[in-house]
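Mapping of the sequence shown onto this note's numbering: residues 327 to 698, in sequence order.
The structure under discussion appears below in the form of structure tokens.
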Amino acid sequence: MQKRAFVQSTSATVKVFAAAGSWIESDAVAQCHQVAALDGMIHVAGMPDLHPGKGAPIGAAMASSVLYPLLVGSDIGCGIAVFPIRLKRVVPERVAARFPDLDKPVDPDDLAGADIPAGYTDSLGTVGRGNHFVELARVDGVLDAGHASRLGLSGGDLVLIVHSGSRGLGERILRAHTEVHGAGPAPDPAAYLEMHDAAVRWGALNRRLMAARVAEALGAEVTEPIVDVCHNSVEIRDGVYLHRKGAAPGDGGDVLIAGTRGTHSYLVAAHAGPEAGHSVAHGAGRKMSRADALRRGKAKHTVEELRRTPVGSLVVCGDRQLLFEEAPTAYKRIEQVIGDLVGHGLATPVVTTVPVVTYKTADLGPRKGGRR
327 MQKRAFVQST SATVKVFAAA GSWIESDAVA QCHQVAALDG MIHVAGMPDL HPGKGAPIGA
387 AMASSVLYPL LVGSDIGCGI AVFPIRLKRV VPERVAARFP DLDKPVDPDD LAGADIPAGY
447 TDSLGTVGRG NHFVELARVD GVLDAGHASR LGLSGGDLVL IVHSGSRGLG ERILRAHTEV
507 HGAGPAPDPA AYLEMHDAAV RWGALNRRLM AARVAEALGA EVTEPIVDVC HNSVEIRDGV
567 YLHRKGAAPG DGGDVLIAGT RGTHSYLVAA HAGPEAGHSV AHGAGRKMSR ADALRRGKAK
627 HTVEELRRTP VGSLVVCGDR QLLFEEAPTA YKRIEQVIGD LVGHGLATPV VTTVPVVTYK
687 TADLGPRKGG RR
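Laid out in structure tokens, this is it:
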């Protein structure tokens with residue numbers, strides 16, 4: 327069921343930045359209003375990738391005079407980074423076979439002397455589950471040549487796109503809060519923000535470590551990211567707490583808005599104002615629950631069909647259930663999301679990327695054809 331955007335709460339204001347015909351579930355809009363009714367809430371901005379989450383909408387920026395850890399969630403610091411990479415010859419099957427196992431953490435001995443936020447080494451250098459991924463992609467369309475040139479990007483260039491966050495560290499921070507305070511506000515915002523900021527730094531380090539691991543496995547040099555933007559966070563802005571859950575900062579920087587493993591992604595120049603919570607979308611946004619995607623996918627596709635996408639790329643994923651849950655059809659059309667951002671003056675597309683190999687979780691070994 328869809329609901330028309332541009333709605334007003336009786337408490338805080340609510341605005342959804344999507345066209346009337348765009349896919350926005352009524353449950354997600356209802357969650358925006360539930361959040362708007364919390365004490366201290368000022369404004370809720372829903373992005374065009376808005377969809378229901380656990381306790382709070384995903385794809386929303388929420389301004390409040392009160393800090394609510396639940397509105398950030400457990401994956402504090404989750405974000406997307408883009409790393410240029412140079413490879414002489416790219417054959418998807420060979421690249422997929424050379425991807426390292428990003429389910430196994432980095433050996434702590436290899437991190438001797440490194441500055442590890444919060445001293446947390448568990449799961450460091452791993453991608454995690456859900457919608458997290460590491461992808462070798464190719465720049466396909468150049469939509470703003472001047473801006474692309476400033477980023478050092480041209481058509482045909484290769485990039486690594488890394489989407490992951492703070493793993494168990496963020497979970498531990500949220501759990502410590504909810505076990506005592508539930509969905510309520512942080513009793514000591516400064517103490518929460520100190521832990522939150524460490525998790526954000528940890529997530530950025532995690533993305534860099536994974537990019538380095540992949541680059542080394544593929545025989546390429548490690549580079550600095552041209553984009554690294556966190557989309558699960560809270561900041562103090564204009565004297566209030568601006569919570570983002572599945573929303574990327576959109577106040578003048580560049581953002582990679584992820585499509586799916588079988589569609590384009592868009593790198594955009596973001597220029598969103600206060601009504602949008604200074605934010606833009608972070609991806610295509612789910613349109614099916616994981617249970618629905620699993621049920622419908624098994625009725626239509628085999629595992630092998632899902633390992634090669636409509637754009638000819640390969641998916642490295644040893645978890646069959648995750649293959650179905652994360653199928654491209656489980657998500658909204660990325661063109662709709664980008665079109666809504668452009669239509670509302672929140673972003674300008676710079677380049678599109680197309681997947682070559684997408685890593686979800688380690689492959690468990692040789693496979694044979696057939697329905698599974």
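Cβ coordinates follow ideal geometry from the N, Cα and C atoms, glycine included.
Just so it is clear, the structure is predicted and the values come from calculations on it, not from any experiment.
{"query": "If I follow the unbroken alpha helix (DSSP H) through T678, where does it start and stop?", "result": "Per DSSP, T678 belongs to no alpha helix (DSSP H); it is in the beta strand (DSSP E), 673 to 687."}
{"query": "Between which two residues does the beta strand (DSSP E) holding C556 run?", "result": "553 to 556"}
{"query": "Let's see if you can read the secondary structure: which residues bound the alpha helix (DSSP H) around T504?", "result": "493 to 507"}
{"query": "Can you list, in chain order, the residues of its chain with a C-beta nearer than 6 Å to that of I384? Leave out the 5 residues immediately preceding and following it.", "result": "H377, K571, G572"}
{"query": "What residue range does the alpha helix (DSSP H) around S475 cover?", "result": "471 to 476"}
{"query": "Could you tell me the alpha carbon to alpha carbon distance between R498 and D353, rounded to whole angstroms?", "result": "28 Å"}
{"query": "For D433, count neighbouring C-beta atoms within 10 Å of its own C-beta (all shown protein chains included) and say buried if the count is 16 or more, exposed if not.", "result": "exposed"}
{"query": "Using DSSP's beta-bridge definition, name the partner residues of K571.", "result": "A386, N558"}
{"query": "For L397 and L495, what's the separation of their Cα atoms in angstroms?", "result": "17 Å"}
{"query": "From A345 to A474, what distance separates their C-alpha atoms?", "result": "28 Å"}
{"query": "Using the C-alpha atoms, what's the distance from K430 back to A389?", "result": "37 Å"}
{"query": "Let's test the definition: count the other Cβ atoms within 10 Å of the Cβ of D564 and tell me whether it reaches 16, buried, or not, exposed.", "result": "exposed"}
{"query": "List the residues that DSSP assigns as beta-bridge partners of H489.", "result": "I406, F459"}
{"query": "Enumerate, from N- to C-terminal direction, the unbroken beta strand (DSSP E) stretches of 3 or more residues contained entirely within the stretch 584 to 642.", "result": "591 to 597, 605 to 607"}
{"query": "With a CB to CB cut of under 6 Å and the five nearest residues on each side skipped, what residues in its chain are close to G454?", "result": "S490, R493"}
{"query": "Nearest-angstrom Cα distance between F459 and D523?", "result": "23 Å"}
{"query": "In terms of residues, what are the limits of the beta strand (DSSP E) holding A371?", "result": "367 to 377"}
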